[in-house]
Structures are given as C-alpha cells and as structure tokens.
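Residue numbers (numbering that gives the first Met the number 0): 0 to 205.
Report on the following structure.
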Amino acid sequence: MNHVTIPITTIAGAKKLTPDQRNLLIILEDVTLRFSGRETLALSRLPELRENGFARSYCYDVQEIIRKRMMEIRRGWGDDRADDYEDRIEETLEACKPELDRLRHEIRAALAQKVRYTDIDRATHIATASGLVDCCSRCHEWLTGRKKKYAEARYALGRVDTLLECGLLNDGKLPDMQEAQAAFSRLFDTVCTKTLEFFTDKQTKN
C-alpha cells in the first residue's frame, strides 16, 4: 500500500472506500480494539473489581466482544500474512503508547479533586476504555454503515461505573474533560499516522 489517505466521513453511513482505504480503516479499528482490551483488562484487575464478581463479569463481556471482532479481522488477512500483520500491529501499538499514556495523564488530571482518590484509577480506566470503544465504533461505522457494533461493550462499561458508584466531590461538579478530549484526538491522529507508517511498504517511501 502506498500514497493512501484516511477518508474523512460523516456519521451518515459507510463510505465508498478504495481497497487501501478499507484495509487501513480495518487496521485502525484493530489497533484501537487492542488498546481497549488492555484498558479493560487493567480495569478488571483493580481490587474493587476483584471483589465484585458482577462488575467484573461486565469487563469480561467487553473483552469477549473485542476478542470476537479481533478474530474476524485476523481471519480477513489470511494465514499467509498473519505473522507480518501481527509484527506491524505490535510496532504500531508500541509507537502509539506514549500518546495513550498522555491521554491517561490528562484524564487523571481532570479527575483530580473531582473524584474520590479511591475511585480515580477505576474512573480513568473506564473513561479511557469508553473513549477507545467509541473510536472502534466510528471506524466500524465508516466500514459497514452499522452504528451499534459496540453498543453492548459501551453499555457494559457504563454498568461497571454504575455498580461501583464513582462519587463526585465539590458538590457533584463534573470534571472538565476538555484537555482529555483533545488528548483523545491526538491519540487517534497518532494511530492514523503510525498505521500509515508501519503498513505502507517501506520501499515505496521517499
């Protein structure tokens, strides 16, 4: 693949895509899925989740939705390209990790003084995972026109939040998430850039 661009679409449905654009969007969805899965796994390992089997079961629901979609994507690439695909995915994930770390930092900063200290880790994981799932949903919508592929995953994350009652301080004032939202945009831009970098044949680059 070379000289391709990520299509800018609306929420009206699937975009008419070239084969290269379609492949890149599938990879974007896959990268974001993997970050979502890691975030949800970290959430499930928190002490309060280990003590609440019902809440933890919702994390498993999210992970299963992610696993099934990842398997669909993997089958689409075929066995002959699987190893090379996985290598490039890992390169992409590693290159994007610093931006993901900055996103978590911005979310934690927004939650500081707004959420009880004992709830910050959980709230950070839920907010990060939810935003990533939303990104997966948008990619999938661009590809297929279907808007609700990840609705159950989003619902499950919301149930974890509800079951464990993340309490707000300062008279219940909601945190200002403006910087965190900007960090989400930067992360997705980085994922787009790195996907192009690692999935464009190096010999075609100037």
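Note that the Cβ used here is the ideal one computed from N, Cα and C, for glycine as well.
Predicted model only: the values in this text are computed from it and were never measured.
*Are at least three pairs of beta-carbons, each pair with one atom in the segment 103-119 and one in the segment 51-65, less than 8 Å apart?*
no
*Using CA coordinates, which residue listed in E63, T161, I72, K14 is at the minimum distance from V30?*
Here residue 30 is taken as the residue at index 31 of the sequence shown, counted from 1. Minimum Cα distance to V30 is reached at I72.
*What residue from P18, L16, L27 has the CA that sits closest to K193's CA?*
As a position in the sequence shown, residue 193 is number 194, starting the count at 1. Minimum Cα distance to K193 is reached at L27.
*For the candidate residues P18, Q177, L16, L156, whose alpha-carbon lies nearest to that of L102?*
As a position in the sequence shown, residue 102 is number 103, starting the count at 1. Comparing Cα positions, the closest option is Q177.
_Terminal residues of the alpha helix (DSSP H) in which N22 lies_ = Position 23 of the sequence shown holds residue 22. Per DSSP, N22 belongs to the alpha helix (DSSP H) from 18-43.
_For A109 and G77, I'd like the C-alpha separation in whole angstroms._
Taking the first residue of the sequence shown as position 1, residue 109 is located at position 110. Taking the first residue of the sequence shown as position 1, residue 77 is located at position 78. Distance between the alpha carbons of A109 and G77: 43 Å.
*Would you kindly work out how many angstroms separate the C-alpha atoms of K14 and R66, rounded to a whole number?*
One-based indexing of the sequence shown puts residue 14 at position 15. One-based indexing of the sequence shown puts residue 66 at position 67. The alpha-carbon atoms of K14 and R66 are separated by roughly 25 Å.
*Would you report the Cα separation of F198 and F183, rounded to the nearest angstrom?*
Working through the sequence shown from its first residue, we reach residue 198 at position 199. Working through the sequence shown from its first residue, we reach residue 183 at position 184. Each residue's Cα considered, the two are about 22 Å apart.
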